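Q: In this note's numbering, the protein residues as written are 343 to 518.
The beta-carbon is built from N, C-alpha and C at its ideal position, and this holds for glycine as well.
Computed from a predicted structure; not experimentally measured.
If you scroll down you'll find the structure; I have some questions about it.
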Amino acid sequence: MKGKIAVFCSASFEIDPKYNRVAREFVRAASLCGYGIVSGGTVKGTMGEISDELHSCGGYHLGVIPRFMQQYVYPDLTETVWTDTMAERKTLLREGTCAVVALPGGIGTLDEVIETFALVHLKQYFGKIFLLNHDGFYEPLRQLLRHYVDTGMMTEATMSKICFAESKDEILSALQ
343 MKGKIAVFCS
353 ASFEIDPKYN
363 RVAREFVRAA
373 SLCGYGIVSG
383 GTVKGTMGEI
393 SDELHSCGGY
403 HLGVIPRFMQ
413 QYVYPDLTET
423 VWTDTMAERK
433 TLLREGTCAV
443 VALPGGIGTL
453 DEVIETFALV
463 HLKQYFGKIF
473 LLNHDGFYEP
483 LRQLLRHYVD
493 TGMMTEATMS
503 KICFAESKDE
513 ILSALQ
């Protein structure tokens with residue numbers, strides 16, 4: 343295995359199917375390039391979609407799941423790690439990874455992205471951060487972060503540590 347990639351994504355069943363499609367395409371391509379995937383490991387929403395995709399292509403899939411969510415665990419994970427809290431889950435999702443990739447997701451995904459971004463800034467996480475900006479999904483966040491730079495709340499150097507990628511290929515090329 344070349345390394346592990348933490349994937350942050352939606353647990354919602356209500357999202358546009360195009361986001362599930364790009365999620366499945368990303369994890370399949372990453373797996374075929376030799377990367378293992380670390381995710382929330384549940385059957386819910388996009389997490390379930392990527393779990394199905396990794397299972398079907400024989401990819402390595404580590405699921406990190408709080409005990410209070412055990413009823414949602416995907417049954418065919420390569421490996422499962424149980425946690426007591428969501429905070430512990432976020433830490434273990436990143437542990438030992440070379441990158442985090444945020445697929446289009448909701449408030450939980452945003453929380454994971456912002457925490458990881460802060461940890462990179464504080465030199466507590468050394469992997470790369472990618473946001474898969476499919477159909478401009480993450481443009482509002484890019485604009486907010488640009489506002490932080492423009493008002494002096496964040497430096498351009500910090501802003502440069504997050505990559506808004508337009509495709510899975512852009513992410514995988516940057517990891518090579």
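1. Just reading off the alpha helix (DSSP H) that residue 489 is part of, what are its end residues?
2. Could you have a look at residue 386 and say whether DSSP puts it in helix, strand or coil?
3. Can you give the beta carbon distance from residue 516 to residue 475, rounded, assuming they're within the 8 Å contact cut?
4. Measure from the alpha carbon of residue 422 to the alpha carbon of each residue in 440, 393, 429, 441, then state which is nearest.
5. Determine contact between the segment 411 to 418 and the segment 380 to 394, defined as no fewer than three beta-carbon pairs at a distance below 8 Å.
6. Residue 473: which of 351, 344, 346 sits nearest, CA to CA?
7. So, with DSSP's three-state summary, where would you put residue 352?
8. Checking 8 Å against the spacing of the C-beta atoms, do residue 407 and residue 396 come in under that value?
9. Do you know whose CA, among 504, 343, 511, lies nearest residue 471's CA?
10. Could you tell me which residues DSSP pairs with residue 403 in its beta bridges?
11. Take residue 480 and list the residues in its own chain whose beta-carbon comes closer than 7 Å to its own, dropping the five residues that flank it on each side.
12. Expressed to the nearest angstrom, what Euclidean distance is found between the alpha-carbon atoms of residue 438 and residue 499?
13. Does the Cβ-Cβ distance between residue 405 and residue 377 come in under 8 Å?
A: Let's see:
1. The residue given as residue 489 occupies position 147 in the sequence shown. Residue 489 -> alpha helix (DSSP H) spans 481 to 492.
2. Residue 386 sits at position 44 when you count from the first residue of the sequence shown. Residue 386: coil per DSSP, three-state reduction.
3. For the purposes of this step, residue 516 is taken as residue 174 along the sequence shown, with counting starting at 1. For the purposes of this step, residue 475 is taken as residue 133 along the sequence shown, with counting starting at 1. At roughly 13 Å, the Cβ-Cβ gap does not stay under 8 Å, so residue 516 and residue 475 are not in contact.
4. In the sequence shown, counting from the first residue as 1, residue 422 sits at position 80. In this structure, 393 is the residue among 440, 393, 429, 441 with its C-alpha nearest to the C-alpha of residue 422.
5. yes
6. Here residue 473 corresponds to residue number 131 of the sequence shown, with the count starting at 1. When each option's Cα is compared against that of residue 473, the closest is 351.
7. The sequence position of residue 352 within the sequence shown is 10, counting from 1. Reduced to three states, the DSSP call for residue 352 is coil.
8. As a first step, residue 407 is located in the sequence shown; it is residue number 65 there, counting from the start. As a first step, residue 396 is located in the sequence shown; it is residue number 54 there, counting from the start. Contact flag unset, no.
9. Your numbering for residue 471 matches position 129 in the sequence shown. Looking at the Cα atoms, 504 is the closest of the given residues.
10. Start at 1 with the first residue of the sequence shown, and residue 403 comes out as number 61. Answer is 379, bridged to residue 403.
11. Counted from its first residue, the sequence shown places residue 480 at position 138. Only 473, 506 meet the Cβ criterion.
12. Walking along the sequence shown from the start, residue 438 turns up at place 96. Walking along the sequence shown from the start, residue 499 turns up at place 157. Rounded to whole angstroms, residue 438 to residue 499 spans 24 Å at the Cα level.
13. Mapped onto the sequence shown, residue 405 falls at position 63. Mapped onto the sequence shown, residue 377 falls at position 35. No; because the gap between Cβ atoms is not below 8 Å, this pair is not in contact.
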